[in-house]
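K.L.:
What follows is a structure written as structure tokens; I'll ask about it next.
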Amino acid sequence: MNDPLKFATHLALQTGNLLQKYYNPAGLHASQKADHTVVTEADLAADQLITNTIHKHFPQDEIVSEESSHHLANTQSPTWIVDPLDGTTNYSLGLSIWGVSIARLLDGYPEIGVLYFPLIKELYTTRRGSGAFLNHIPIATRAPDPSQPMSFFTCCSRSFRYYNISIPYKSRIMGSCAYSLSMVARGSALLGFDAVPKIWDLAAGWLLIEEAGGKIAAFEGSSPFPISPGEDYSVTSYPTLAAATPEVFAIGQNKIQRKSKFAIVVQSKA
């Protein structure tokens, strides 16, 4: 299978089937990693399936994955950015919003992306310059409608801890950064703000937002793209704001402020 998007789509579906075999609605044992995120045996099995399959079909490519390889040797080769199970806490507690995130980068930027959420049967695919799709149907972000009082934004569990947020929409915490981004891309949410995402949380969804007509950028600090050789991606977070339109993005910028006790020194890439 020479087409990377078709390959990634098939691999995401295959991985989703594997994860469903481990899934238990009553819950599943999870262990805590050094960064205080959680991991299950399903994460590791999914990671092994994905990395082994990529190595077999694209042996010259590099892989950065949440559960195995965190460093990038060089950016001369295409690079896969993988989250074998995004939403592990949801998964381990028997909730339904969790999925697989696979992206392939060329010259340091996402070129294709796939997000698959098996239990809710949502498959998002995108290729740079070719649009964004949900279950093979084109999707797009939506502009705010003053007559619609139900507008909402998504955020993560640590957004309100680290930031003062006064966005004039309802808030929703999905428990999956990838799914939050898909909500903006499909036109359900107007904004998405994640305080501490890693690159594997963002890569596929980042391109999905762009191809759906939205705006996404680092909220503060360095942009995750282009990716950098030698970076330890397990310790680097990228506060990220995604929006349906540039105007909504500006609202997010103006209505989110880091709390003073969590102030950081922001350094940008040259």
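Numbering-wise (the working numbering), the sequence shown opens with residue 96 and increments by one. Quick reminder that beta carbons are idealized off the backbone N, C-alpha and C, glycines included.
(1) What does VAL159 pair with, by DSSP beta-bridge criteria?
(2) When the Cα atoms are used, what is the spatial distance from LEU114 to THR183?
(3) Give me the Cα-Cα distance between PHE248 and ILE311, rounded to the nearest whole angstrom.
(4) Between the C-alpha atoms of SER246 and PHE314, what's the straight-line distance to the nearest angstrom?
(5) Give every residue of the same chain whose Cβ lies closer than 8 Å to the Cβ of LYS116, excluding the five residues on either side of it in the sequence, and list them in chain order.
(6) Measuring alpha carbon to alpha carbon, tell me which residue in PRO120, GLN155, THR174 is nearest TYR204.
(7) Which of helix, strand or coil does DSSP assign to GLU326?
(8) If we ignore side chains and look at the alpha-carbon of each, how far apart do GLN243 and PRO263 end up?
(9) With 16 as the cutoff for other CB atoms within 10 Å, does ASP138 come out buried or exposed?
(10) DSSP on ASP289, reduced to helix/strand/coil?
(11) Nearest-angstrom Cα distance between LYS364 and SER332?
(12) Kindly indicate which three-state DSSP category ALA313 falls into: helix, strand or coil?
(13) Please return the same chain residues whose Cβ sits closer than 6 Å to the Cβ of ILE260, not counting the five positions on each side in sequence.
(14) Determine, using beta carbons only, whether LEU200 comes closer than 8 Å to chain E.
(15) Measure from the alpha carbon of THR104 to the alpha carbon of each residue in CYS251, GLY325, ASP327, PRO213, then state which is nearest.
(16) Going by other Cβ atoms of all chains shown within 10 Å of its Cβ, with 16 needed for buried, is PRO99 buried or exposed?
(17) Pick out the complete beta strand (DSSP E) segments inside the stretch 161-249, 3 residues or longer, and give them in chain order.
(18) Roughly how many whole angstroms lie between the Cα atoms of ILE304 and VAL177?
(19) With DSSP collapsed to three states, give me the class of ASN119.
(20) Helix, strand or coil for LEU108, going by three-state DSSP, please let me know.
(21) Assuming CYS250 and ILE268 make a contact with CB atoms under 8 Å, what is their CB distance in whole Å?
(22) Confirm, please, whether the CB-CB distance from GLY270 to ILE192 is below 8 Å.
(23) Report the rounded CA-to-CA distance for PHE102 versus PRO321, giving the unit in angstroms.
(24) CB GLU157 to CB THR221, shorter than 8 Å?
(25) Between which two residues does the alpha helix (DSSP H) carrying ARG256 extend?
(26) Quick one, are the C-beta atoms of PHE288 and SER254 less than 8 Å apart?
(27) Pop quiz: PHE353 and TYR257 are said to be a contact at Cβ under 8 Å. What is the actual Cβ separation, rounded to whole angstroms?
P.N.:
The short version:
(1) The residue given as residue 159 occupies position 64 in the sequence shown. In the DSSP assignment, VAL159 is bridged to ILE176.
(2) The count along the sequence shown starts at 1 and reaches residue 114 at position 19. The count along the sequence shown starts at 1 and reaches residue 183 at position 88. Looking at the two C-alpha atoms, the distance is approximately 11 Å.
(3) Position 153 of the sequence shown, counted from the start, is the residue given in the question as residue 248. Position 216 of the sequence shown, counted from the start, is the residue given in the question as residue 311. If you take the alpha carbons of PHE248 and ILE311, they lie about 14 Å apart.
(4) Taking the first residue of the sequence shown as 1, we reach residue 246 at position 151. Taking the first residue of the sequence shown as 1, we reach residue 314 at position 219. The straight-line gap from Cα to Cα measures roughly 21 Å.
(5) Position 21 of the sequence shown holds residue 116. Cβ within range, chain order: n/a, list empty.
(6) By one-based count along the sequence shown, residue 204 stands at place 109. Selected option, being the one with the closest Cα: THR174.
(7) Here residue 326 corresponds to residue number 231 of the sequence shown, with the count starting at 1. Residue state, collapsed to three classes: coil.
(8) As a first step, residue 243 is located in the sequence shown; it is residue number 148 there, counting from the start. As a first step, residue 263 is located in the sequence shown; it is residue number 168 there, counting from the start. The straight-line gap from Cα to Cα measures roughly 13 Å.
(9) Position 43 of the sequence shown holds residue 138. Buried, by the Cβ-count rule.
(10) Reading the sequence shown from its first residue, position 194 is the one you call residue 289. Reduced to three states, the DSSP call for ASP289 is strand.
(11) Translated into the one-based positions of the sequence shown, residue 364 becomes position 269. Translated into the one-based positions of the sequence shown, residue 332 becomes position 237. For LYS364, the predicted structure reports a pLDDT of 37, less than 50, and the residue's modelled location is therefore unreliable. The matter cannot be settled from this model.
(12) Position 218 of the sequence shown, counting from 1, holds the residue named residue 313. Three-state DSSP puts ALA313 in a strand.
(13) If you number the sequence shown from 1, residue 260 lands on position 165. So the list reads ILE351, once near-sequence residues are dropped.
(14) The chain labelled as chain E is not found in the depicted structure, where only one protein chain is given.
(15) As a working note, residue 104 is residue 9 in the sequence shown. The candidate whose alpha carbon is nearest that of THR104 is PRO213.
(16) As a first step, residue 99 is located in the sequence shown; it is residue number 4 there, counting from the start. When all chains shown are included, PRO99 counts as buried.
(17) Fully enclosed beta strand (DSSP E) runs of 3 or longer: 174-181, 194-201, 204-212, 217-222, 227-229.
(18) Within the sequence shown, the letter at position 209 stands for residue 304. Within the sequence shown, the letter at position 82 stands for residue 177. Using only the alpha carbons, I get a separation of about 17 Å.
(19) Numbered from 1 along the sequence shown, position 24 holds the residue referred to as residue 119. Looking at ASN119 - three-state DSSP - the assignment turns out to be coil, as it is neither helix nor strand.
(20) Here residue 108 is taken as the residue at index 13 of the sequence shown, counted from 1. In this structure, LEU108 counts as helix in the three-state DSSP scheme.
(21) Position 155 of the sequence shown holds residue 250. Position 173 of the sequence shown holds residue 268. The Cβ separation is near 6 Å, so the contact holds.
(22) One-based indexing of the sequence shown puts residue 192 at position 97. One-based indexing of the sequence shown puts residue 270 at position 175. Their beta carbons are under 8 Å apart, which means ILE192 touches GLY270 by this criterion.
(23) Numbered from its first residue, the sequence shown carries residue 102 at position 7. Numbered from its first residue, the sequence shown carries residue 321 at position 226. Rounded to whole angstroms, PHE102 to PRO321 spans 23 Å at the Cα level.
(24) Reading the sequence shown from its first residue, position 62 is the one you call residue 157. Reading the sequence shown from its first residue, position 126 is the one you call residue 221. No.
(25) Locating residue 256 in the sequence shown gives position 161, counting from the first residue. Per DSSP, ARG256 belongs to the alpha helix (DSSP H) from 254-257.
(26) For the purposes of this step, residue 288 is identified with residue 193 of the sequence shown, where counting begins at 1. For the purposes of this step, residue 254 is identified with residue 159 of the sequence shown, where counting begins at 1. Cβ distance < 8 Å, so PHE288 and SER254 count as in contact.
(27) Position 258 of the sequence shown, counting from 1, holds the residue named residue 353. Position 162 of the sequence shown, counting from 1, holds the residue named residue 257. Before going on, a small fix: residue 353 reads as Arg here, not Phe. In this structure, ARG353 and TYR257 form a Cβ contact; the two beta carbons are roughly 6 Å apart against a cut-off of 8 Å.
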